[in-house]
Each structure stands twice: as structure tokens, then as C-alpha cells.
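*Asks:*
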Amino acid sequence: MADRGGIGRVARRLARPFRGNEKPLTVTDRLDRWARRIAEFGVLDRAYLEAQTGRTFDTDDEAIAFYVHNDGQRGLSLSPLVEHEWMREHQPVPAMSWYDALHQEGPELFQTGPLFDAGVYAASLPAADRPASTLDALRHFLRNATDATALPAPPGRRGHAPTWGAARAAALLTARAFADAQHRTRRRYRAAWDGPETAEALARYPRGAARRDTEQPLVSVVMPVYRRADVVGAAIASVRAQQHANWELVVVDDGSGDDTVDVVRRIAADEPRIRLIERENGGAGAARNTGLTAVRGDFVAFLDADNTWRPEHLSAALAALLETDGAGVHTGVRMIGANNADDSTAPVETYRGEDGSLEDLLAGNFIDLNALVVRRDVAAGVGPFDETLRRWIDWEWLLRIGERFGVPAYVPVIGVDYDNVRDPRRVSSAQPASWQEVALARHRIDWDALAAAAPTRDAALVSVVVPVYRDWTMTRRAVDAVLGAADHDGDRVEVVLVDNGSPRSVSAILGAWFRDEPRVLLQREDRNRNFALGSDLGLARSSGGTVVMLNNDTEVTTGWLRPLVAALRDRAVLGAQPLLVYPDGVVQAAGTVFGGDKVLPWHFLGDHPRHDAERAFGGVGSGSGSSRPGSAGSGSGSGPGSAPARFSAITAAAAAFRAADLIRWHGFDPVYANGLEDVDLCLRALGSSPVGSTFVVVPSSVVVHHESRTPGRDDARVDNRRIFDERWRGRYPSADAVDRYDAAGLRYLGVEPGLPKGHAVMVRSSRPVVVREEGAVGFRVAVKHDGTRVADVTALVAALEGAGHVVQVDMPTSWYRGSSGLDEVTVLVVSAGASPFVPQPGARNIVWAVEGQRVVDGDFAVVVPAVDGVEGVVRAL
């Protein structure tokens, strides 16, 4: 065989010049070749792929072809047993694609998903039948398994091993739910009009058209206007050009103070159907409400001053309404321009208009108010527009119509020409997108019902609410840690996971991993609802008397929960936060500190070593071990000190509350998009609670915060700061930074102001300026080591503390922490081949070398040779 192969290779090499140049493979050629090879794998579950896509495929080849040509953007899976992201963490070469990992058929048996471990499966078979590769294991299982066959789940999965039938049925349900969500959240703009011709569309409503022409109902048009002298004339002209002539136009000037009113008056002078109402500026919602109180027609329509109607808009809408006697209708919209910054690549001209259910409307607005015509009694029945909203006012009003009267029907006629050019005068351009969550929250959460049910909650149960976006890896670790700690400590917990519109794989993996764990509830949202609304939805789903808000990038330890719950037994305590530390032991948050009005609050002792927290919370000399090598990031739960410290605010990255209190405060305000919502909650809570109420940090509870960088997490930072400052300006809590840092043996000098972020944003960033207290005894010493000389470092720390110095041990990840400027001495404990430490400016830098270690003397103030030992380092200080 070897000789024959060699002869073949020679023959092909000799023939190559006579074949000419080979045609290069196109992308499509490569994808098609990939599809053929995947088909040979024999792992496709066509029904599962169909459930994810909402499509039907006639053959497996057609299904796989669709998969390879679309998977890059959709994150699809061919089988409930194969999750590509899971494989990436368990296959021998993480950088390899899932396809290559299976195609190479190496001898390593690895996990292909949260339900299938090839090694576990192989071990369950007789030696003679054991598969030689992971792909063979998958094929063998799929050939031989029945619905009753137990799955070879990976070690660590909680609950009983599910059967193949039950797991596949659950996976199909999850896939269909994902496909439905994809349909609800699809982009509703189209590059070309795909509706019927106007005459054809109107022919659908013969009875309504006849009634319209006979009855000639009066339509009241409400037009709010604010400083739109340049365009309001065109809007009014489009009303005057309507084929249905029985209308009245109520123009409400919202305190423009420019030429807008004069323009309207000139037009109205010879048009008795136009009325002008002037009012003080109050926003679009208030202006529309003023108009609604003045209407006289049987039907109500709306037109903004920067848009226009097509002549057939009212005629078509009335024909449809009178045909069915429905609550309302909306026509199609032609949009010019791209309003949103992220739509810069969108077509200049787009079209919008379609039917939808209430569930579709909750997922996102697809009805433009300019295209809407409703019965007057419907408008009166749902009440006025919400004047507290700054954006998505119309959507919230439409949701009320949909809930009470049904979603307005679609008339497939272009009725509106919509100016969608980005304009700072337009509400949609000037206000943050988070107002969408504010509007939606009122239709997703019934706070009154939750308050009524609060006394029936399980007082002994702690509900841990974890919002999730994109990252299933850290989420799985976080939830496993909560459950593991509860098992160890005997605590009763439930975990409510809220998937904020993540890609398909996140809910698929988390659902499969925790499906047989009754303490875990998973709720997937169609879109990213951000931390605030996601947490509030989790609160609404929970059933415990105590609720802990927990980031999905945290890792709790044994003993973390009971001190927080115990702190809440004091009725004056409104919420309790653990000491949050990074994996290397550096403090991430030890409460929230205020520095006065116009100074944004900050995390107390953020980026400081643990020994600062020990001193601040009265644990000096407690031996809790933040300065002990190897324990910096352990979060053992013993913690520094034991007495909770009172604060005006805490972080919700990990915080416990009484559920009844959270419900009474209506949870987090969704206007904040992943920032300052927790501080705002605390200040609102203090304002509505008895004098003496407080929040506390419980240092005996320690939680490790890995602090992920979720995509888009900081996109709204400027808006959050502006909203917070507008709400609380002049009402910030009293500055408490001086006393806080004094307790830690530090002196707070003030804040270092940053630059303004964004135009016309009256908020500046700042960071605290802190120095060591005057007259402090001993030096502040930072021992830098890489974990290889633990015994030497332990002895050194003991000797330095015995000599009266304050000592912190830094692992390489914290060698250059933000608070390192406070350290007066650094001691580098080096070993052969260790990563070099760049000496710290302004500090006395000492290096303790091992035998034979070469160190450039000029880089450090003192080089202590190995023979001088610990005593030599102490003397060098």
C-alpha cells in the first residue's frame, strides 16, 4: 500500500503541468466541502436545527448546507449533544474549531456539551466496544441510545443523569423559544416596499370604505410642536391634502418661544379646521395630552411636526377601522435617514409596517405613532401619555392599548413619510436608550401584586438573583459556587438566572447544565434588559423572603451568606454587602463613599490591599490573613473583623436585601444602564425609610469578584452620571470620606478631578487622593512574590509585622495595583526565572535574591543576598 501510494503521488506530480492552473476555491466552495464532511459525521439532529431556525428542511444535506452558510452569525448547533462553546473549553486544543476537533478523531475523549462526556460514555461500555475517538463515541451513542438511555453527563453536573428522550425534548423546547424570540426581535426595517399597491390594499375594506364615505367621521389630529418653524408648515400641508377631508387639526405649541407659533397662525388664518393651543414647555407627552383634552372627533390620529402624511393615510386607516370596528390601525411608514448612530451603514430609505401580537409589541415597538389612528373612546380608555417618560412615550401608550383593547391592526398602505435623520432636537436622539426599559418595566412587573404577595414569601429561603449577558462560563461557576456553599453550610437557597437576550448557546448550556437542579430557575429575555430591569425581573420571579443580588462574575465562598442574612435582622439595616475582593486578594469594593455634592461616589478601598480593609473594619491583628502568602484571594469567609460598618450606599454586585423592602422601593430604576443603579436605589431607600436606617458592609462575608468586561457594559457611563447628578444634585449624602479613610489608617485629601465626559454634560469623573496618616509607626511594606517561595515569604511577613511594619503580599497580578503609591517600601522576593518587577518610583525598593540569582544592582536601592535571610531584609528597611 505504501509503494502504491508513492507511485500515485509521482503520477499526480508528473500530470500536474498538463492539467493547467487549478481554479481557486471560492468561499462557497469551501463551505460546501465543509458541509459534505459534516454530513459524514452523522451527528445531525435535523428537528433540533429546524427548531432553532424556525425553518423546515427536506433533507439532511439541505439542513447542513443552511447551517454552514449561516452559523457564523447565528450560533446554531447541530445536536443537543454538541455545543461548540462548551467544546472549546474541553477539547485538547482550545483554539481549534469544533469541526476540526471532531474531524481529526484524535485519541482524546472530551466533552462535547453539558450533557455528553465521551470519556464517561466510553467507560460505560465493554472494553471491546469502546470508541477510539470523541466522534466515534457520539456516533455510537446516537446509533444505540433509546429515549430511556441515561446520558453520560460530565462530572460536576448536579441532579440525576437525564435520559436522552427527556433531554432532547427539553432542548427542542429551548430551541423553539429561541427561534420565537429571534422572530420577535428581528429588524423590522426593509430596504424596499414589499406591500401591495394602494388600490389593491384598499380593496380589502369595501364595507369600511362605504361607511367612511357615507358617515364621514370626524378625525381629530393632534400635532405637538416645539421649535419647528422650519418644518411644521409641511406637516400641516400634508394634513390639508388628505383625501378624507373631515378632520380637525389641534396644534399644541410646547413653549417654543421662536417663530413656530407665527408660522402656525398664518396657516390657520384661512383654515378653520386648524386650532392652535399654546402651553408652557412640558415635553411631547404633556403636549399630546393637552391636545387629547381638546379633541372632538370620533377618531384620533397623531402627527409630529417633522413628519408628513401621504394623502391616502386617513382614508385608508378609516376604511380598515370601519370594516372591523377594531380599536385602532396603523399604516406603513417610509423612513428617510438613519437616526441612530449605529445605523450609519443602513440604507438611506427604509420601510416599516407589519402586523404583530402583544408579545411582539412587548419585545419592541413596531407601530409608529404618526401612522396610528384609534377610536376616541380607546384613547380615553387607556388614559393620557405618561409625562414622566422622556423617551418611548408612544410605545408605553401603545402597550396600554394592546393590553386593554388589542394591538392595532396593520393597513398595508404607505401612509407616513418619516424624517429619520439624526437631530439633537428630536427626543429619540437626545435621550438615552435606557428609557425603553423604564417604559417596559411598567408592563412586565406589577409592583402592587408583588407587595400584596410579599407576606407569603418563604422567610427561610434566600433567593439569589443573577443577571446574565453572553458569558455562561463565569455564570456556571458563580451558580455552582452558590449551590456548593449552600450544601456545605446548610442554607436554603434558590438561584434565579435572568438571561438578558444572550446568544442561543448561553441559555442552551445553562439550561442543560442546571435543568435537573430544582434550586435553579432560568428565565430568558428577548433582549438585553441591562442589570437594573434584569434584576427586577428576577426579583419578580423569586420566592424567598431575602433576596441577594449577585453578579454572574462573582464567586462566593463557604460561610458567605449567613452573616449577610444575620445583618438584616436589625430592622435599621436596609441592605448588607460582603467584602468584595479580586482573585488576587486586592479589594474591589468595601462600601460606597461620598465626597460631597458634584463628586460622584466611589468604591471604598477599591484597589487597596486587604490589610487596609482589616484596619478600617477593626480587624487589625486578627490574623485573618490578607497579608499571608497564598491566602490573598482565598476568601475563606473568616474575613477581617466581624462588626458590620454603616454606609449610605453599597454595591449590588453582591448585596442582600429583604424582598419586601426591594418591592416597596420598586427595585432598581431601569433608566440607569449598568451603572449607578445600586447607589440610586440606596439613596431612594434611605429617603423613604425611618431616620437611622442604613446599609452595611459585613467584612466577615467575603466574595471574590472576577469583574468581567461584558461587551457594551460601559456604553452608557456618561448618561448614567448625568441622570444620577440631575436627580441627586444638592441632595448627596454628607461627605464621609475623611472618617472612612481615617479608620483605615489613611488620610483623605480630596479628589483629583477628571475631564468632563461628553458635550454639555455637567458631570466630571474624579478619584480620591489618599496618603498615609501622619505619624504612622513603621513602614508600609509591599512584598512582591510569584508564589514560589511561600515559606520564605511567610517568615518575612511575620518578621516585618513583628518589627511594627504594615505588610501586604502582592502576587504578580497585583504588583502594580492602583494603591501601590501608598507603599513606602517594596520587597521583591525573587526566584530563578521569576518575572521581573519594575521598581516603584518614590519607594525604597529592596530585592531579596536566592543563591545564584543575578540582579542588576542599580535597579534597586538594596540587594539582600540569600545568605542574609529574613534578618537581612528587615535590617535593610
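Going from the sequence shown to the numbering used here is simple: count from 1 and add 24. In this text, a Cβ means the ideal position worked out from N, Cα and C, and glycines have one as well.
By alpha-carbon positions, which one of 141, 463, 719, 333 ends up nearest to residue 682?
*Replies:* Taking the sequence shown and counting its residues from 1, the one referred to as residue 682 is at position 658. The candidate whose alpha carbon is nearest that of residue 682 is 719.
*Asks:* Taking just the CA atoms, how far does residue 550 sit from residue 564?
*Replies:* By 1-based counting over the sequence shown, the position of residue 564 is 540. By 1-based counting over the sequence shown, the position of residue 550 is 526. If you take the alpha carbons of residue 564 and residue 550, they lie about 17 angstroms apart.
*Asks:* Between residue 181 and residue 537, how many whole angstroms is the CB-CB distance? I'm expecting something under 8 angstroms.
*Replies:* Looking up residue 181 in the sequence shown gives position 157. Looking up residue 537 in the sequence shown gives position 513. Indeed they touch by this definition, with Cβ atoms about 6 angstroms apart.
*Asks:* Can you tell which of 174, 410, 566 has its C-alpha closest to the C-alpha of residue 188?
*Replies:* By 1-based counting over the sequence shown, the position of residue 188 is 164. Nearest option by C-alpha distance: 174.
*Asks:* Could you tell me if residue 94 is buried or exposed, where buried requires 16 or more neighbouring beta carbons within 10 angstroms of its beta carbon?
*Replies:* For the purposes of this step, residue 94 is taken as residue 70 along the sequence shown, with counting starting at 1. Flag for residue 94 reads exposed.
*Asks:* Would you mind working out which of 169, 191, 627 sits nearest residue 72, comparing C-alpha positions?
*Replies:* Taking the sequence shown and counting its residues from 1, one reaches residue 72 at position 48. Of 169, 191, 627, the residue nearest in Cα terms is 191.
*Asks:* Let me know the secondary structure DSSP gives residue 595 once reduced to three states.
*Replies:* Here the question's residue 595 lines up with position 571 in the sequence shown. Correct three-state label for residue 595: coil.
*Asks:* I'd like to check one pair, residue 389 with residue 421: are the Cβ atoms closer than 8 angstroms?
*Replies:* As a working note, residue 421 is residue 397 in the sequence shown. As a working note, residue 389 is residue 365 in the sequence shown. No, they are not a contact pair.
*Asks:* I'd like the span of the alpha helix (DSSP H) that includes residue 76, first residue to last.
*Replies:* Counting from 1 along the sequence shown, the entry for residue 76 is found at position 52. 70–77 is the span of the alpha helix (DSSP H), which, as asked, contains residue 76.
*Asks:* By how many angstroms is the C-alpha of residue 156 removed from the C-alpha of residue 656?
*Replies:* Start at 1 with the first residue of the sequence shown, and residue 656 comes out as number 632. Start at 1 with the first residue of the sequence shown, and residue 156 comes out as number 132. Note that residue 656 has pLDDT 40, beneath the 50 cutoff, so the model's placement of it is unreliable and no number is given.
*Asks:* Is the region 703–717 touching the region 786–800, taking contact as three or more C-beta pairs under 8 angstroms?
*Replies:* The region 703–717, when compared against the region 786–800, does not touch it at the 8 angstroms Cβ threshold.
*Asks:* Find the nearest neighbour of residue 531 within the set 125, 88, 886, 205, judged by alpha-carbon distance.
*Replies:* Residue mapping note: residue 531 aligns to position 507 of the sequence shown, counting from 1. It is 205.
*Asks:* Determine the DSSP secondary structure at residue 423, reduced to helix, strand or coil.
*Replies:* Position 399 of the sequence shown, counted from the start, is the residue given in the question as residue 423. Residue state, collapsed to three classes: helix.
*Asks:* From which residue to which residue does the alpha helix (DSSP H) around residue 816 run?
*Replies:* The residue labelled residue 816 in the question sits at position 792 within the sequence shown. Taken as a continuous stretch (DSSP letters only), the alpha helix (DSSP H) holding residue 816 covers 814–826.
*Asks:* On a CA-only basis, which of 136, 544, 133, 376 is nearest residue 435? Give me that one, please.
*Replies:* Residue 435 sits at position 411 when you count from the first residue of the sequence shown. When only C-alpha atoms are compared, the closest one is 376.
*Asks:* What does the Cβ neighbour count give for residue 318, buried or exposed, with the cut at 16 atoms within 10 Å?
*Replies:* Working through the sequence shown from its first residue, we reach residue 318 at position 294. So residue 318 counts as exposed.
*Asks:* Taking the alpha carbon of residue 445 as the reference point, which residue from 360, 529, 707 has its own alpha carbon closest?
*Replies:* As a working note, residue 445 is residue 421 in the sequence shown. Selected option, being the one with the closest Cα: 360.
*Asks:* What are the boundary residues of the alpha helix (DSSP H) that residue 257 is part of?
*Replies:* Your numbering for residue 257 matches position 233 in the sequence shown. Element bounds for residue 257: 256–264.
*Asks:* Residues in its own chain within less than 6 angstroms of residue 691 by CB, not counting five upstream and five downstream?
*Replies:* As a working mapping, residue 691 is identified with position 667 in the sequence shown. Same-chain partners within the cutoff: 560, 563.
*Asks:* Spell out a yes or no on whether the region 346–360 and the region 382–399 are touching, meaning 3 or more CB-CB pairs, one atom from each, closer than 8 angstroms.
*Replies:* Yes: at least three Cβ pairs fall under 8 angstroms.
*Asks:* Is residue 316 near residue 408, with beta carbons less than 8 angstroms apart?
*Replies:* Position 292 of the sequence shown, counted from the start, is the residue given in the question as residue 316. Position 384 of the sequence shown, counted from the start, is the residue given in the question as residue 408. Result yes, Cβ atoms of residue 316 and residue 408 sit closer than 8 angstroms.
*Asks:* Rounded to whole angstroms, what is the Cα-Cα separation between residue 78 and residue 98?
*Replies:* Working through the sequence shown from its first residue, we reach residue 78 at position 54. Working through the sequence shown from its first residue, we reach residue 98 at position 74. Answer to the nearest angstrom: the Cα atoms are 13 angstroms apart.
*Asks:* Buried or exposed for residue 647, please, with buried defined as at least 16 other CB atoms from any protein chain shown within 10 angstroms of its CB.
*Replies:* Walking along the sequence shown from the start, residue 647 turns up at place 623. At residue 647 the pLDDT is 35, less than 50, meaning the model places this residue with poor confidence and gives no usable figure here.
*Asks:* When the Cα of residue 775 is compared with those of 203, 161, 618, which residue comes out closest?
*Replies:* Numbered from its first residue, the sequence shown carries residue 775 at position 751. Minimum Cα distance to residue 775 is reached at 618.
*Asks:* Between residue 324 and residue 303, how many whole angstroms is the CB-CB distance? I'm expecting something under 8 angstroms.
*Replies:* Reading the sequence shown from its first residue, position 300 is the one you call residue 324. Reading the sequence shown from its first residue, position 279 is the one you call residue 303. Between residue 303 and residue 324 the Cβ distance is about 19 angstroms, and since that is not below 8 angstroms, they are no contact.
*Asks:* If I measure Cβ to Cβ from residue 640 and keep anything under 6 angstroms in the same chain, skipping five residues before and after, which residues do I get?
*Replies:* Within the sequence shown, the letter at position 616 stands for residue 640. Cβ within range, chain order: 767, 768.
*Asks:* Quick one: Cα of residue 698 to Cα of residue 830, how far?
*Replies:* In the sequence shown, the residue the question calls residue 698 occupies position 674. In the sequence shown, the residue the question calls residue 830 occupies position 806. If I take the Cα positions, the gap works out to 37 angstroms.
*Asks:* Can you tell me where the alpha helix (DSSP H) holding residue 111 begins and where it ends?
*Replies:* For the purposes of this step, residue 111 is taken as the residue at position 87 of the sequence shown. Here the alpha helix (DSSP H) through residue 111 covers 108–114.
*Asks:* Check whether the region 161–179 touches the region 127–138, taking contact to mean three or more Cβ pairs, one atom from each stretch, closer than 8 angstroms.
*Replies:* Output reads yes: the region 127–138 touches the region 161–179.
*Asks:* So if DSSP puts residue 373 in a beta bridge, which residue, or which two residues, is it bridged to?
*Replies:* Position 349 of the sequence shown, counted from the first residue, corresponds to residue 373. Paired residues: 360.
*Asks:* Where does residue 224 land, buried or exposed, given buried means 16+ other C-beta within 10 angstroms?
*Replies:* Residue 224 sits at position 200 when you count from the first residue of the sequence shown. Classification for residue 224: exposed.
*Asks:* Do three or more CB pairs link the region 539–548 to the region 459–471 at distances below 8 angstroms?
*Replies:* Flag = no, the region 539–548 and the region 459–471 do not touch.
*Asks:* Which of helix, strand or coil does DSSP assign to residue 270?
*Replies:* Along the sequence shown, one-based indexing puts residue 270 at 246. Coil.
*Asks:* Which residues mark the beginning and the end of the beta strand (DSSP E) in which residue 247 is found?
*Replies:* In the sequence shown, the residue the question calls residue 247 occupies position 223. Its beta strand (DSSP E) spans residues 243–249.
*Asks:* Label residue 888 either buried or exposed according to how many other C-beta atoms from any shown protein chain fall within 10 Å of its C-beta, with 16 as the threshold for buried.
*Replies:* For the purposes of this step, residue 888 is identified with residue 864 of the sequence shown, where counting begins at 1. Residue 888 should be labelled buried.
*Asks:* Would DSSP call residue 103 helix, strand or coil?
*Replies:* Translated into positions along the sequence shown, residue 103 becomes position 79. If DSSP states are grouped into helix, strand and coil, residue 103 belongs with the strands.
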